[in-house]
Each structure stands twice: as C-alpha cells, then as structure tokens.
Amino acid sequence: MQKTLVIGASTNPGRYSNTAIRRLVDNNIETTAFGIRGGTVSGVQIKDNLVDFQNIDTVTLYLGPKNQKEYYQQLVDLKPRRVIFNPGTENPEFYEILENAGIEVEVACTLVLLATGQY
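Following UniProt numbering, the numbering of the sequence shown begins with 1 at its first residue and continues without gaps.
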C-alpha cells in the first residue's frame, strides 16, 4: 500500500493539514505525519523528526516556501515518488531540486484530489 506523509501537520481541526490527515485516513490511505508539535489526528501520530519516516510514496506539503528550505535535503533523502504542493506552498526552487532528484512534483490540492478520485 502506498504511504503518504503530511508535512506541516497540525492537531488544530481548522487547519487544512488536519483535514487532509482525516480525509486520507477516511480513504484508507496509509498516513503518517510530521509537525513541529506532537499530537494525534484520526489515530495518526504527528512526529517531530523526519528520520522517523521511511517507504514514503507521497509527501503532501502544508509548509510555506520560507519554512520548506530547512527540509529540502531530508525530503529528497526520503525518496518519495511525488511531492504535492498544496495552495500556498508553491516553490519553484524546491520543484527544481525535487525534479533533479527524479521526484515528481504536483502542484495541486490534496483535498480536491481525494474528493475527485484523482489522488
């Protein structure tokens, strides 16, 4: 089964990352989460260390471009098949880094992809 990593995860139900975790779980997609604060959403533990993750197919970003830089190399090292840049996370500099590493870049909304069966 393909595993998704939500970056920028939050326990705040008003945050899109929180909704994404809940919808991924509802769609029976194996889900893991990374955020600056721990907690649990729909049974998914939010971890604060990226080295805790492996065998990731998809990374879905909920971090703005200025907060992405410190994670560039760690995300490339995870070797996901694709990275989804949700609205507000668009970052051409990071697109190029990922594409040069052979990682697919998708500028889309995870929630829309799930709702339309395109995830």
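Glycine residues also receive a C-beta, built at the ideal position from the N, C-alpha and C atoms.
With distances taken from CA atoms, which of the options is nearest residue i?
i, options, result
"Thr32", "Ile84, Gln73 and Ile7", "Ile7"
"Thr4", "Asn91, Ile46 and Pro92", "Ile46"
"Leu75", "Thr89, Thr11, Gly64 and Ile97", "Ile97"
"Arg82", "Leu111, Lys66, Tyr119 and Gln68", "Tyr119"
"Gly102", "Leu50, Gly43, Thr11 and Asp77", "Asp77"
"Thr40", "Asn27, Ala9, Val112 and Leu111", "Ala9"
"Val112", "Gly14, Pro13, Thr11 and Leu24", "Leu24"
Measure the CB-CB distance between residue i and residue j and report whether it falls below 8 Å.
i, j, result
"Ala115", "Thr60", "no"
"Ile84", "Glu99", "no"
"Gln2", "Ile29", "yes"
"Asp52", "Gly38", "no"
Roughly how far, in whole angstroms, is the beta-carbon of residue i from the beta-carbon of residue j, given that I think they are within contact range, below 8 Å?
i, j, result
"Pro80", "Thr58", "6 Å"
"Tyr16", "Tyr62", "6 Å"
So what's residue i in DSSP terms, helix, strand or just coil?
i, result
"Ala115", "helix"
"Leu5", "strand"
"Lys47", "strand"
"Phe34", "strand"
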